[in-house]
Amino acid sequence: MKRLTAKNTGIITTFDYYKVRYKIVYLIFLLLLLVTVALAVFPPLWLLLSSFKSAKELYRVPFTLFPERIDFGKVKEVWSQLAFGRYYINSLLVILGAVVCSVMFNGLFAYAVSVIRPAGNQIIYASVLISLMIPPILNMGPLFHNIVKLKLINSYLPLWLVFGANPFYIIMFKTFFDALPKELFEAATIDGASKLQMFRHLVIPLSRPMVVVISIFTINAAWSDFLLPFLVLKDDAKQTVMVKIYALYSSMGTSMHFGPDKLLMVLAFSIIPPILLYIIFQKQITTTIATTGIK
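Residue 264 in numbering that gives the first Met the number 0 is what sits at position 265 of the sequence shown, and the numbering runs on without skipping anything.
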């Protein structure tokens, strides 16, 4: 409330705040935001707390949010029992290749359409926009057929290349490139720079905020991707975190050493990296998304 005493922009200003009806509207919006935050925070909070419960506590009536005892030794036990570090490394390999392909291929495509502008670039860009309306699941059949035909099963290469052809990232890159001053490219051309040199030494350094955001989106998508890694990675030694969680869930009923309490601990392992990623880079994400398209 105190922030409104010197607020001159936005929907509600300091002058409006003195009116009773605007105070009521402000309080309603504030309550709605608090409810939204509570709904968003409760599921991961419940998961993190329940992962420390025993199997008996999970089925106890009445329900309790907090475990009787928080034993961090359980974290070490589950991690070592499942050798979960290996699957983290596998997911990290997928993420690294996906980020490189996502930034390089989508950035080059957007650079060609926005800056180089070859003949027919408008038709090409329109095709990219149209591809957004195609459900991704429809592409899975032909994609998997090509992967099998090229003998890329148990390879990370298909997972990397999929992120190198993302229409949403292309649109974000192109929108950012369109806002760059054209005089910079004219000066670079006069100095004898080639198209690739301009992309490497001019466009990428100026587009660092967009590169960071695209990288964050790619990391989150590659980490949480399940279907394609599940179809491609048949070898247990190469499986990612999400595929391993599915395998553990499928065998939970037949394994005497793996119960629902340990499954929740594994799920907690899987949500911690995305949460930390967003906490660290939330400012870059919100700022870049808010300014994308503003010249």
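Glycine residues also receive a C-beta, built at the ideal position from the N, C-alpha and C atoms. Everything numeric in this text was worked out from a predicted model, so none of it was measured.
Taking its Cβ as the centre, do 16 or more other Cβ atoms sit within 10 Å of Asp235, making it buried, or is it exposed?
The sequence position of residue 235 within the sequence shown is 236, counting from 1. Classification of Asp235: exposed, given that the 10 Å Cβ count is below 16.
In angstroms, rounded to a whole number, what distance separates the CA positions of Val19 and Leu29?
-> Within the sequence shown, the letter at position 20 stands for residue 19. Within the sequence shown, the letter at position 30 stands for residue 29. Cα to Cα, the separation comes out at about 15 Å.
Whole-angstrom distance between Pro208 and Lys282, CA atom to CA atom
In the sequence shown, residue 282 corresponds to position 283, counting from 1. In the sequence shown, residue 208 corresponds to position 209, counting from 1. The straight-line gap from Cα to Cα measures roughly 11 Å.
Unbroken alpha helix (DSSP H) run spanning Ile136, endpoints:
Locating residue 136 in the sequence shown gives position 137, counting from the first residue. Element bounds for Ile136: 135 to 148.
* Other residues of its chain near Gly292: CB distance less than 8 Å, five sequence neighbours each side excluded -> Mapped onto the sequence shown, residue 292 falls at position 293. Here Gly292 scores only 47 on pLDDT, less than 50, and its place in the model is too uncertain to base an answer on.
Of the choices Ala118, Lys261, Val112, whose alpha-carbon is the least far from that of Leu81?
Working through the sequence shown from its first residue, we reach residue 81 at position 82. Considering only alpha carbons, the answer is Lys261.
**Prompt:** If you count every other CB in all the chains shown that lies within 10 Å of the CB of Pro157, and 16 or more means buried, which is it?
**Reply:** Locating residue 157 in the sequence shown gives position 158, counting from the first residue. Buried, by the Cβ-count rule.
task: Under 8 Å by Cβ, that's how I've got Met264 and Val74 pegged, so tell me the actual separation to the nearest angstrom.
output: Numbered from its first residue, the sequence shown carries residue 264 at position 265. Numbered from its first residue, the sequence shown carries residue 74 at position 75. Confirmed, Cβ separation roughly 7 Å.
**Study point:** N-terminal and C-terminal residue of the alpha helix (DSSP H) that Lys243 is part of
**Key:** In the sequence shown, residue 243 corresponds to position 244, counting from 1. Per DSSP, the unbroken alpha helix (DSSP H) holding Lys243 starts and ends at 240 to 249.
What did DSSP end up calling Thr217 once you bin it into helix, strand or coil? On the sequence shown, position 218 is the one that residue 217 refers to. In this structure, Thr217 counts as helix in the three-state DSSP scheme.
Spatial distance of Phe229 from Tyr21 (CA atoms): Position 230 of the sequence shown, counting from 1, holds the residue named residue 229. Position 22 of the sequence shown, counting from 1, holds the residue named residue 21. Going from the Cα of Phe229 to the Cα of Tyr21 covers about 53 Å.
Within the continuous alpha helix (DSSP H) that includes Ser79, where are the two ends? Counting from one through the sequence shown, the residue named residue 79 turns up at place 80. Per DSSP, Ser79 belongs to the alpha helix (DSSP H) from 72 to 81.
Exercise for the section: Reducing DSSP to helix, strand and coil, say where Ser269 ends up. Expected result: The sequence position of residue 269 within the sequence shown is 270, counting from 1. Three-state result, Ser269: helix.
Quiz item: CB-CB under 6 Å to Ser50, same chain, minus the five flanking residues each way: which ones, in chain order?
Solution: Taking the sequence shown and counting its residues from 1, the one referred to as residue 50 is at position 51. Closer than 6 Å at Cβ, skipping near neighbours: Leu263, Met264, Ala267.
From Gly119, Ile88, Asn138, Tyr124, residue whose alpha carbon lies closest to that of Asn105:
Within the sequence shown, the letter at position 106 stands for residue 105. Closest option to Asn105, Cα to Cα, is Tyr124.
Query raised in the report: Which one of Ile203, Leu151, Glu67, Ser101 has the shortest CA to CA distance from Leu48?
Result: Position 49 of the sequence shown, counting from 1, holds the residue named residue 48. Residue Glu67 is the option with its Cα nearest to Leu48.
- [ ] Determine the direct distance from the alpha carbon of Ile213 to that of Ser206, and round the result to whole angstroms.
- [x] As a working note, residue 206 is residue 207 in the sequence shown. As a working note, residue 213 is residue 214 in the sequence shown. For Ser206 and Ile213, the distance between alpha carbons rounds to 11 Å.
| said: Could you compute how far the alpha carbon of Pro180 sits from the alpha carbon of Ala164? | reply: Stepping through the sequence shown from its first residue, residue 180 is reached at position 181. Stepping through the sequence shown from its first residue, residue 164 is reached at position 165. Rounded to the nearest angstrom, the two C-alpha atoms are 26 Å apart.
| message | Count Cβ pairs between the segment 122 to 136 and the segment 191 to 205 that sit closer than 8 Å; are there 3 or more? | response | no
For this session: Out of Val102, Leu275, Ile215, state which residue places its alpha-carbon closest to the alpha-carbon of Ser202.
Result: Counting from one through the sequence shown, the residue named residue 202 turns up at place 203. Before going on, a small fix: residue 202 reads as Val here, not Ser. Nearest of Val102, Leu275, Ile215 to Val202, Cα basis: Val102.
- request: Using a threshold of 9 Å, state whether the C-beta atoms of Trp45 and Leu31 are closer than that.
  value: The count along the sequence shown starts at 1 and reaches residue 45 at position 46. The count along the sequence shown starts at 1 and reaches residue 31 at position 32. No, Cβ-Cβ distance for Trp45 and Leu31 is not below 9 Å.
Classify Lys233 as helix, strand or coil using the three-state DSSP reduction.
For the purposes of this step, residue 233 is taken as residue 234 along the sequence shown, with counting starting at 1. Coil at Lys233, not helix or strand.
Beta-carbon within less than 7 Å of Val112's beta-carbon, same chain only, minus the 5 sequence neighbours each way: which residues are those?
For the purposes of this step, residue 112 is taken as the residue at position 113 of the sequence shown. The beta carbon of Val112 sits closer than 7 Å to the beta carbons of Asn120, Ile123, Tyr124, Lys173 from its chain, once the five residues preceding and following it are set aside; these are given in chain order.
(Q) Give me the residue from Trp159, Gln238, Phe143, Ala109 with the minimum Cα distance to Ile94. (A) Walking along the sequence shown from the start, residue 94 turns up at place 95. Looking at the Cα atoms, Trp159 is the closest of the given residues.
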